[in-house]
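Before any comments, here is the structure.
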Amino acid sequence: MHYRLSADSHAAHYIAVDARLTDITTPTVDLQLPAWRPGRYELQQFAKNIQRFEVVDGDGNPLVFYKLTKDRWRVQTNGVSELVVRYNYYALLAAPNQLNAGSSFISDTLLYVNPVNLCLYAEGRIQEPCTLELAIPDSWTIACGLAESSPYPTGTRQLQAADFYELVDCPLIAAPVIQHIQYDVDGILFHVWIQGGRRTDGNPTFDTQRIIDDFSRFSARQLELYGEFPEREYHFLTLILPVPHYHGVEHRNSTMLVLGPNDEGEGLYQDLLGVSSHELFHAWNIIRIRPTELLPYDFTKENYFSTCFVAEGVTTYYGDLMLRQSGVFSDEAYLKELQVLFKRHFEHNGQAFQSLTESSWDLWLDGYDKGVPDRKVSVYHKGAIAALILDLHIRQLTNHARSLDDVMRLMWERFGKPFIGYTLDDYRAVTEFVAGEPLNWYYDLCIFGNQPLEAKLNEYLAWVGLLIGYEEPTSEQPGGIRLLELDDLEGRQQRARWFNGTFIKPTSDGHVQAVSEDKLGKNVVAE
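Mind the numbering: the sequence shown is residues 1 to 527 in the UniProt record's numbering, read in order.
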């Protein structure tokens, strides 16, 4: 199918879509708009943003159509071999942000598109090649993981996708000015695209060389873990807003990041590092190491699966750990992120009734809403804690000879690289193979159970010289969960090996030391 996107000259914030389907041989054609997008496991009902809808043949004559469902249309073809669907898509979210990493947006100076929002497909032809034509000025820069066709008529640009699945997994930014930074790791070319990356004083939001240095380090560490990269190139597509925001979404050979405010300085850069490392890890885990229930995506309904604690929990754990193990984060910076993780889980849903598998399944019900008290857990937060416990358990069993790294590498080799999908039983079998023992206790407590995890977590944290405790609030401190460093030489040495460090000296004061709460991380969303 060929899609043409342009601004509707009569209505602000509407993207005009013309979708052309050729080689029709059937009396009817069913057209489907996705009800959800990859990376966000909830029905988002994109059809509610369509303002008008009409279908004509290749000569512009109207064709009869009617709705089958909320987002599916059946067209009577009358024997024609070509049809064009025309509709407007409203591309504006509520203020103050007006967009996020999974939406679309149009203005005089920006075209931002997640094709899954507004590109429909013809039933039975989802695997056919797609082209995406953009009616934008020739001088504009396009940032996207899709290849661009050239030459093409003045005033339009065209991108190519192998099929609809690739098309909707490749968001794009087009604007007059987009900062473009490149770096190479083991022959893989990485692109960092930043739109809106200037502070109100006119200076760049980020330092180019610092991005190259830091991104190269965590990218190299992730490639080292898996041994290879699934794609030839990778794109970090970044929109910087003037208002607070933090959101990232993984895609096949790119990630879409929306951050702000642009004047936040070092805090904004730390956000960029955290979400970028998280999303890059997804290039293996969920994009290729994918639950069998999501292969292929069915965009018409819920795709239930019980292993989102692997897809998001393991990724959340590794996102920050990769920054520490690559030397981008210091020990102090990483421990602050751990404290944030622990506070989010234990202070908000540590007593919830659902297990990780139950909350994974129910993502489609209320996984992204606050929900009722003590019902569900976060597959991100509790999932990351479960991953940490498993990693330290395997390290302790094997004296660091094996770790969760080996689990994920084996998951890549068995399921991700051949792209065949895995089940919960597959993941369990791999973890037990790497551990060299049954892990009944782990799955009963951490994955299938709803019991509090503080005691088991502290058992493994103590091995690396750490402890979580609860402090009563005072007039000077908010209290709550605190991560503490123990004055324990053996624990500090084990922690150094966990962090890929070297021998470190013990503290000298003989006391438990609290991790600083200065500049603790935000309540973030990284999908």
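Even glycine gets a Cβ: it sits at the ideal position worked out from N, Cα and C.
Contact check, L134 vs L5, beta carbons under 8 Å: yes
Burial state of R210 (16 or more Cβ within 10 Å): It is exposed - the Cβ of R210 has fewer than 16 other Cβ atoms within 10 Å.
Exposure label - F353; buried when at least 16 CB within 10 Å: exposed
Presumed contact (8 Å Cβ cut-off) between I194 and I212, rounded CB distance: Not quite, the Cβ-Cβ distance comes to about 13 Å (not below 8 Å), so this is no contact.
DSSP-derived helix/strand/coil call for H393: helix
Nearest-angstrom Cβ-Cβ length linking R395 and W498, presumed shorter than 8 Å: So it is a contact: roughly 7 Å between Cβ atoms.
Whole-angstrom distance between E437 and R402, CA atom to CA atom: When only Cα atoms are considered, R402 and E437 end up about 13 Å apart.
Between the CA atoms of F215 and I188 - distance to the nearest angstrom: Distance between the alpha carbons of I188 and F215: 13 Å.
Pairwise C-alpha distance: A122 and P129: 12 Å
Helix, strand or coil at C144 according to DSSP, with G and I counted as helix: C144: strand per DSSP, three-state reduction.
Beta-carbon proximity check, I447 vs F342, cutoff 8 Å: no
Check whether V84 and D23 have beta carbons under 8 Å apart: no
Own chain partners of E527 with C-beta closer than 7 Å, once the 5 adjacent residues on each side are dropped: G39, R40, G248, V249, E250
C-beta atoms of L466 and E454 nearer than 8 Å: no
Pair within 8 Å by beta-carbon distance, D320 and Y334: Yes, Cβ-Cβ distance for D320 and Y334 is below 8 Å.
A7 versus F105, L439, L21, residue with shortest Cα-Cα distance: F105
Inter-residue Cα distance where the pair is I420 and T292: C-alpha of I420 to C-alpha of T292: approximately 7 Å in a straight line.
Identity of the residue in L172, D207, V434 nearest V407 by Cα: V434
The beta strand (DSSP E) enclosing Y66, as first and last residue numbers: 65 to 69
G416 (DSSP reduced to helix, strand or coil): helix
C-alpha gap between R157 and L167, whole angstroms: Roughly 15 Å between the two C-alpha positions.
Contacts around residue 542, its chain only, beta-carbon distance under 8 Å, and the 5 residues preceding and following it disregarded: No statement about residue 542 is possible, as the shown extent of the chain runs from 1 to 527 and does not include it.
Local Cβ density within 10 Å of P115, reported as buried at 16 or more and exposed below that: buried
Residue 569 vs N253 beta-carbon contact at 8 Å: Nothing about residue 569 can be read from this structure; the chain reaches only from 1 to 527.
Endpoints, the beta strand (DSSP E) within which F53 is located: 50 to 57
Beta-carbon gap between S107 and L93 smaller than 8 Å: Judged by beta-carbon spacing, L93 lies beyond the 8 Å limit of S107, meaning their Cβ atoms are not closer than that value.
Exposure of A174, with buried meaning 16 or more beta-carbon neighbours within 10 Å: buried
Collapsed DSSP secondary structure at G491 in the structure displayed: helix
Proximity of L365 and F309 at Cβ, strictly below 8 Å: no
Residues bridged to R86 [DSSP beta-bridge criterion]: D18, E54
Proximity below 8 Å, CB of V275 to CB of N97: No, Cβ-Cβ distance for V275 and N97 is not below 8 Å.
Distance cut-off 7 Å: L272 Cβ against heavy atoms of the ligand NAD: As far as ligands go, the structure on display features none, and thus does not contain the ligand NAD.
Identified DSSP bridge partners for E250: DSSP output for E250 lists T255 as bridge partner(s).
T109, buried or exposed, once every other Cβ within 10 Å from all chains shown has been counted against 16: exposed
Exposure label - Q182; buried when at least 16 CB within 10 Å: By the neighbour-count rule (16 or more Cβ atoms within 10 Å), Q182 is not buried but exposed.
One or two residues paired with W73 in a DSSP bridge: L31, K67
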